[in-house]
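In the UniProt record's numbering, the protein residues as written are 1 to 311.
Data first, discussion second: the structure below is written as structure tokens.
Next up, the structure:
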């Protein structure tokens, strides 16, 4: 008569491949690298299976999701946040009609609320709390509706931030610097997009073309355009000093040249033979510029020389 072990009977049959690694204990040595290796192995095998007419165990999207999850360990709030200049917030003194109009114009369901300046955040407001006042005779007091914001450091890993958002039942966090100033803003959508990629909803506008070539040889450039991307179109722009200053965007370059936020129509000439005309700007932001190269610009602009190793 064979011995019967109930525990052995209830033990499910182990599955091979990637699933066996996910069923192991979290503290198994080399688990992360092993999973990454299996994902790559699955990618290689899928090419062979596809060529042979077989369906791969993991399709391309599944492999991408797993790879993105593994990379989350090295991604912080600073990498995914909306930067300070792009944060849309409302003053605590705003009226109900203006608050609703602002929510509608910006297509946001939540917004930070500040007292006098952005660094003086007093809370956040949800559009549902505003709608509840519509059609009532009750006096509107925005401050009484505010929810406490989640404040985090730029270095917090996005996985930890997700857990904090879940525990606090909030979909928004404010990133603060060491002095308590506002660095940026992170929404739950930003965090999810680090795993599944960009999520477009019915309110999202089409992607903005950063550089538009004009018939006269000039270029209309979005101020957020990376300098490196612009240089690929028009040629080297930055001087060695500007490279050392780590100027990242065309807007940042124009701001540095002017020494202030230039007004619409202001024209600035760069020492490497480029002329920037501000097409669109407000009191705080440069939005779009027109860039053209002067006819007598030097053939060899003043660019940083290549670095050489010293023995």
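Built from N, CA and C at the ideal position, the CB exists for glycine as well.
On a predicted model such as this, the values are computed, not experimentally measured, just so you know.
Hey, out of 142, 129, 106, whose CA is closest to residue 95's CA?
142
Apart from the five residues just before and just after residue 103, which ones in its own chain have a Cβ nearer than 6 Å to its Cβ?
127
Where do the N-terminal and C-terminal ends of the beta strand (DSSP E) with residue 187 fall, by residue?
182–187
Among 210, 162, 124, the one whose alpha carbon lies nearest that of residue 229
210
Please name the residue, chosen from 250, 261, 272, 225, that lies closest to residue 240 on a Cα-to-Cα basis.
272
Residue 175 - partner residues in DSSP beta bridges
152, 184
Segment contact, 8 Å Cβ cut-off, at least three pairs: the segment 276–295 with the segment 213–227
yes
Own chain partners of residue 226 with C-beta closer than 7 Å, once the 5 adjacent residues on each side are dropped:
248, 249
Just to confirm my understanding: we take residue 165, look at its own chain, exclude 5 residues before and 5 after, and list those with CB closer than 7 Å. What are they?
150, 171, 173, 188
How long is the line joining the alpha carbons of residue 153 and residue 214, rounded to whole angstroms?
43 Å
Based on DSSP bridge pairs, tell me the residues matched to residue 277.
267, 290
Reference residue 110, options 84, 185, 158, closest by Cα:
185
Within a Cβ cutoff of 6 Å, which residues of the same chain sit near residue 264, ignoring the five residues on either side of it in sequence?
278, 281
Closest by CA to residue 72, which one among 269, 283, 193?
193
To the nearest angstrom, report how far apart residue 31 and residue 158 are at their CA atoms.
Model confidence at residue 31 stands at a pLDDT of 48, short of 50, so the residue's coordinates are unreliable; what they give is reported in the following sentence. Cα to Cα, the separation comes out at about 20 Å.
Among the candidates 262, 285, 289, whose CA atom is the shortest distance from the CA of residue 274?
289
Contacts around residue 252, its chain only, beta-carbon distance under 6 Å, and the 5 residues preceding and following it disregarded
none
Under the three-state reduction of DSSP, which class applies to residue 81: helix, strand or coil?
coil
Buried versus exposed call for residue 137 [16 or more other C-beta atoms within 10 Å across all chains shown]
exposed
Which residue marks the beginning of the alpha helix (DSSP H) containing residue 227, and which one marks its end?
227–234
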